[in-house]
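There are 4 protein chains.
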Amino acid sequence: MARIRLGMVGGGNDAFIGGVHRIAARIDDRFELVAGALSSTPEKSADSAKALGIARSYGSFDEMAKAEAGRDDGIEAVSIVTPNHVHAAAAKAFLAQGIHVICDKPLTSTIGDAKALEKAVAQSKALFILTHNYTGYPMIRQARDMVASGQLGQIRIVQAEYPQDWLTSPMENEGLKQAEWRTDPARSGAGGSVGDIGTHAHNLACFVTGLTVESLAADLQAFGSGRSLDDNAHMMLRFAGGARGMLWSSQVAPGNENALKLRVYGDKGGLEWCQEDPNYLWFTPHGEPKRLLTRNGAGATEASQSVSRIPGGHPEGYLEGFATIYNEAADAIRAVQGGADRGTAMGVLPGIDAGMDGMRFINACVTSSASDAAWTTL
Amino acid sequence: MARIRLGMVGGGNDAFIGGVHRIAARIDDRFELVAGALSSTPEKSADSAKALGIARSYGSFDEMAKAEAGRDDGIEAVSIVTPNHVHAAAAKAFLAQGIHVICDKPLTSTIGDAKALEKAVAQSKALFILTHNYTGYPMIRQARDMVASGQLGQIRIVQAEYPQDWLTSPMENEGLKQAEWRTDPARSGAGGSVGDIGTHAHNLACFVTGLTVESLAADLQAFGSGRSLDDNAHMMLRFAGGARGMLWSSQVAPGNENALKLRVYGDKGGLEWCQEDPNYLWFTPHGEPKRLLTRNGAGATEASQSVSRIPGGHPEGYLEGFATIYNEAADAIRAVQGGADRGTAMGVLPGIDAGMDGMRFINACVTSSASDAAWTTL
Amino acid sequence: MARIRLGMVGGGNDAFIGGVHRIAARIDDRFELVAGALSSTPEKSADSAKALGIARSYGSFDEMAKAEAGRDDGIEAVSIVTPNHVHAAAAKAFLAQGIHVICDKPLTSTIGDAKALEKAVAQSKALFILTHNYTGYPMIRQARDMVASGQLGQIRIVQAEYPQDWLTSPMENEGLKQAEWRTDPARSGAGGSVGDIGTHAHNLACFVTGLTVESLAADLQAFGSGRSLDDNAHMMLRFAGGARGMLWSSQVAPGNENALKLRVYGDKGGLEWCQEDPNYLWFTPHGEPKRLLTRNGAGATEASQSVSRIPGGHPEGYLEGFATIYNEAADAIRAVQGGADRGTAMGVLPGIDAGMDGMRFINACVTSSASDAAWTTL
Amino acid sequence: MARIRLGMVGGGNDAFIGGVHRIAARIDDRFELVAGALSSTPEKSADSAKALGIARSYGSFDEMAKAEAGRDDGIEAVSIVTPNHVHAAAAKAFLAQGIHVICDKPLTSTIGDAKALEKAVAQSKALFILTHNYTGYPMIRQARDMVASGQLGQIRIVQAEYPQDWLTSPMENEGLKQAEWRTDPARSGAGGSVGDIGTHAHNLACFVTGLTVESLAADLQAFGSGRSLDDNAHMMLRFAGGARGMLWSSQVAPGNENALKLRVYGDKGGLEWCQEDPNYLWFTPHGEPKRLLTRNGAGATEASQSVSRIPGGHPEGYLEGFATIYNEAADAIRAVQGGADRGTAMGVLPGIDAGMDGMRFINACVTSSASDAAWTTL
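Rendered as structure tokens:
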């Protein structure tokens, strides 16, 4: 089947996440990157495009959206990998042209932008896919499947956490570009750690359990001197249906790189998973010994095998999980192009709804914390 | 040096914790168990005493306190290992006779009892030692020492948890004696999981960091059908001085046996420790690789070595940590008998203050949860 | 820089390793797969090529080598991913045309074939690269670097093992194609587990330590009923310079997927690494605490960082390690095309020498075992 | 039941293993230590006895054996915890008096001594128990039980290892007493690492599998400069019945404290256990997920529960495993005193046969290595 013609907004120079998206798009060979508006100026963009072997470079996403829409061989989809505050405007430009959008998370930097984008998605026929990449890990798919099929029984407790340590020292004052924009409310939005990584923990908890957070009580802190956004957040969660949870996000916990961890307990069993060792899933049927399920190993279900590439014991990693989002995005795009309904085509892919959930989550965290951790509805 | 003559209240039949105290008292050979009021009736007590080779058996702790105080070779100390609601009365009986008390935790089942006991301790010349046994683990001693000496810098974050799974099913309705009294407010007090195990997590967090919890916001749940005490508790903590924390206690998390875990993060480094693997302490100086410190191994400090018995790589366990409390209790008793001040003699041993902290903790948890998790001062 | 035009021999249908090579070639975007002789018949080859979107399909590698050599836009390099007994003939066909060869391991199925291939490599100007892919793991690069820079001191002990469990039951009698050819001497060569996975352990031990195995004493077993090739092998190793080692390969050890593990000990320190958790490297400077080095984390050296793609804590896996071999093959090919010397261009890439070492290793294993584990020189 | 009156030979001053035996004898409260010949001179012995609160001190084991045999309240059993070369003479002295002997391992320092001791045991009515303490670990009992009941099927492969690192540097030249006698052939016997720790690995492999090593091929090294005994040993094993194995013992592997590890694989499943984490046993039924069995947890069998003291998740350690040997020795002594047959009374306790096996193992290692690793019958 022919590869999907892809464009990219952002991701020039040494931007981390742009490179990740490009590798993810290549791994399963479903996309061909042919156009880009990679940087903030036409010159930089052209330089980056040339270095990456991308055929067509544009000075802005607006220019790109219009020009590509006018070509017979124009892009069918675009990846948006800019800082958060640019997501909404860029996505709207492509959606308006009927070009499918694959957008990095969180959705936007403000609730206002998010609502406008939600409307734009509703009015477009194109797909909007949000790369909540951790949902692409095979053992996360299996965990979701096991919860859905009742192997844990009624879910009671959800423990989610995403600690990092890279902002323990004030890196934003030492010229680290990543640290600068992620600690800047104007570019990141109202949430610091809650926006950047808390949203991943929240998304994963909901994805695996199939539950929705109804309300939360959050206590946000900015430990780094002079920092205006939270770099550590503690919160308690109440899920629809009675389950309860805790969520911790931190950028100031020395010894943690990207230790996203999810633990789910029901009245029949428990599951534990950590992103840093993603090929393992611990499962305890209550009253039986703990089992170490492995990707594509004994005990792997169709849900995880279908998104695995290589045998058990040969670890897949972050890039393969990310690639699964792209692979499924390709399936969805081809399905919609073939006449399928957007909702059906999306399958388990995170989209605008997951994005709005994330925005409400960030907003609730900030609102709750400002009210001394009062319970706040999402 | 001569062994200390010891009595015991409770601990007859197959009571779990009584046997633990007896082994702990034997390991370092500092005590001789010579008297007991082991059960609720004189007959059962006598049977248990005989089976255990204990010389003198009494029908009640009152009788025992008076009789032993009147003997030249009477007990010097007593271990109280009954259900929680008996602690206060038993302890007061021995303190009144000047007999040193080693009491299981939590302190009592009600705040009223606790305050009365606090007064009795103040009025006695005898020592009151509370067996917060996890403080006896060598790597916990080392962790406390490392925090105190500044190796973690200013403490910012404390993550404490103690999940179990034994009450996932309603064991209290199936004849399990342990489950019966631990889920009964009349015998356990107002706290369920928070009283039984949450207090351990709270105590350990304070012991290691040297910090005090000022207030907490708690959300308690009783997931087990028909259960009146919490079997799962989520809470956020605010420590004096600005550190923040989270604490989770649970008796309904399948796959967890006694997974007490403490993680402490400062601006210079982080520590992680788990009770199920107690000979290890993870230490990350910020910006350097994680180090696996082992009991009596390379990197062990005087604080841990002095309470270790055997070389690194030969694991010590729960009973040895418990024995260290007894060993230090023996030191403290001999010191006080030799004229030392009570406070000085106690050293790092947990006593009435730690017990009152625990009671205030339980009370605050219950109060906060009843107010929809409002911040509650301890 | 333009992508290298690549062909492939083998890898049609559902052959495992062909798919791996294709992903590995794509990840860093240095190759474009444009031609193939993917299966044993022209029809099957054409079907596979079409399914994979490969422009030109050939009925045999001979036909392909000649045809591509004659095109201006012919392939610059070829990946050979057939069963072992085809490697030599296919490689020689392309080397004869000056087309660079990237060949799966082990080198060939017989020593005779290996020697002929060695001669063909010597007579060609093209590169010959053997995909000993585990050498591409970042922490393996770091381990090699740390040994070379003296951080372990004089190497004394090497413990290498590669246990699997997939042949515990007689899968070859149950229609599993992988199991059929890997247990067939005609297609796999004289070594069973020693050829398929023992060679990986041997290669990795030598790659990391920089040492050569002088002699070995091997005890090979075929536990599977009716199996003619070894499915389990025990051996002791003597390295040049005085280091000693052990090596275990097994396909019949239940609970092991691909548990390739290397441990190296010198008089100043020790290293431990396992393929199933490849982002970690344990390092103990003698007399100091164990350190957990992570890929791209604190303590990562240039040797590992330069072959990493994403931040520490976001796991890379088997495919990324494999991709590094392809990425460096691309560098080497461009360097040679630019006039560089073949040896210089190869850098740390495994080539014909590593392949011959592997063949001598297999041969010595079989010879030694036939002589009741007599010491046998490689 | 009354405690058994116990004496001790060796274990004065700061001798490591003597203190371990004393704690082990106390933990289950079955022994009362009443006599000792603790050191090499009467004065030192008396000082040690006084410090330990032991009632009767003797200047030599001969004196002690005779004197105690003559007392109505004389010792019923004696623990021998001297360096290896004293074991035989001391044991014979007590056996001759009908006093039960609990002896540290290895049996003796020479085969001649061992044979003489074997004869003495045969001629005595007293029990001879060798403290192969690792056989007392609950999960080792469970492993043995699982193999015996066929859960692993036909045993094929045994991987045993015991690496340490304490002799990496030449500690014996730096005044460390432990290092001095353990590297001295006159006091330790012909085996260095093979005698001190290799015997543990060998014993455990046989204890768990129920198999006997028929022959071995060993390559012993003395890496430490000037060291005459092996400090590292590699060997291959052939068991009666067809199973094959490898064994590694080392005192020079930095990063290993007491990493005794046993892995056993049959045609139906595999087991893995490590002494440093003794409360865990990994079990993989072939084709199913790996299970983490825990001491006294879900999946624990009678074989492990009956030698456990506390609930799962509360770790027991080295001292409790050692105590189990003492507890069972007490059972055996009381049984024999009650008229039971010696063999029946011993149960699974290691005795003279296990000791002779160990001596033959050491001898075979040394003999094989001297013949360039020729297969040598035990």
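Taken in sequence, the protein lines are chains A, D, W and E. Taking our numbering as reference, the numbering of the first sequence is continuous, increasing by one, and the terminal residue is 378. Taking our numbering as reference, the numbering of the second sequence is continuous, increasing by one, and the terminal residue is 1378. Taking our numbering as reference, the numbering of the third sequence is continuous, increasing by one, and the terminal residue is 2378. Taking our numbering as reference, the numbering of the fourth sequence is continuous, increasing by one, and the terminal residue is 3378. Glycine is no exception: its CB is placed at the ideal position from the N, C-alpha and C atoms. The structure presented is a predicted model; accordingly, all values stated were derived computationally and were not measured.
In terms of residues, what are the limits of the beta strand (DSSP E) holding residue i?
i	result
E:R3003	Premise fails: E:R3003 is in no beta strand (DSSP E) and is neither H nor E.
D:A1160	1155 to 1163
W:P2106	W:P2106 -> no beta strand (DSSP E), and no H or E assigned at all.
W:V2264	2261 to 2266
Using the beta-carbon count (16 or more within 10 Å), is residue i buried or exposed?
i	result
A:Q142	buried
D:D995	Lying outside 1001 to 1378, the shown extent of chain D, residue 995 of chain D is not represented and no answer is given.
A:Q251	buried
E:V3366	buried
A:R156	buried
E:S3369	buried
E:G3343	exposed
D:V1208	buried
E:A3051	exposed
D:G981	In this structure chain D extends from 1001 to 1378, so residue 981 of chain D is not present and cannot be described.
D:T1377	exposed
E:T3041	exposed
Looking at residue j and residue i, is the spacing between their C-beta atoms short of 8 Å?
i	j	result
E:S2975	E:N3232	Residue 2975 of chain E falls outside the range modelled here, since chain E spans only 3001 to 3378, and no answer is possible.
E:D3139	E:L3281	It should be pointed out that residue 3139 of chain E corresponds to Met in this sequence rather than to Asp. It is a contact, given that the beta carbons lie within the stated cut-off.
A:T212	A:A186	no
A:A37	A:Y58	yes
A:L237	A:L229	no
W:N2258	W:Q2154	no
D:A954	D:L1127	Since the first residue of chain D shown is 1001 and the last is 1378, residue 954 of chain D is not available in this structure.
Following the continuous alpha helix (DSSP H) through residue i, name the residue where it begins and the one where it ends.
i	result
E:V3147	3138 to 3148
D:E980	This structure cannot settle anything about residue 980 of chain D, because the visible part of chain D is limited to 1001 through 1378.
W:D2331	2318 to 2337
D:G1191	No alpha helix (DSSP H) holds D:G1191; DSSP gives it neither H nor E.
If we ignore side chains and look at the alpha-carbon of each, how far apart do residue i and residue j end up?
i	j	result
E:P3170	E:A3222	11 Å
E:V3179	E:L3167	Correcting the residue identity first, residue 3179 of chain E is Ala in this sequence and not Val. The alpha-carbon atoms of E:A3179 and E:L3167 are separated by roughly 7 Å.
E:L3130	W:A2218	34 Å
A:L382	E:G3338	There is no way to answer for residue 382 of chain A, as the model of chain A reaches only from 1 to 378.
A:H100	A:G136	19 Å
A:Y134	W:Q2123	50 Å
D:D1029	E:V3009	19 Å
A:E76	A:F61	15 Å
D:P1350	D:N1013	28 Å
D:R942	E:A3335	In the structure displayed, chain D extends from 1001 to 1378; residue 942 of chain D sits before or after that span and is not available.
W:A2298	A:A35	36 Å
Could you tell me which chain C residues have their CB closer than 7 Å to the CB of residue i, listed as they occur along the chain?
i	result
W:F2223	Absence of chain C from the displayed structure is noted, the protein chains being A, D, W and E.
Stretch-stretch touch, CB-based, cutoff 8 Å, three pairs: the region 1112 to 1120 of chain D with the region 1346 to 1365 of chain D = yes
Cβ contact (3+ pairs, closer than 8 Å) linking the region 1195 to 1211 of chain D and the region 1088 to 1103 of chain D | no
Touch check for the region 1098 to 1109 of chain D and the region 1303 to 1311 of chain D: three-plus C-beta pairs under 8 Å?
-> no
Kindly confirm or deny that the region 2078 to 2087 of chain W and the region 2017 to 2032 of chain W touch, where touching means at least three C-beta pairs closer than 8 Å.
-> yes
Does the region 3314 to 3323 of chain E come within contact of the region 1308 to 1324 of chain D, defined as at least 3 CB pairs closer than 8 Å?
-> yes
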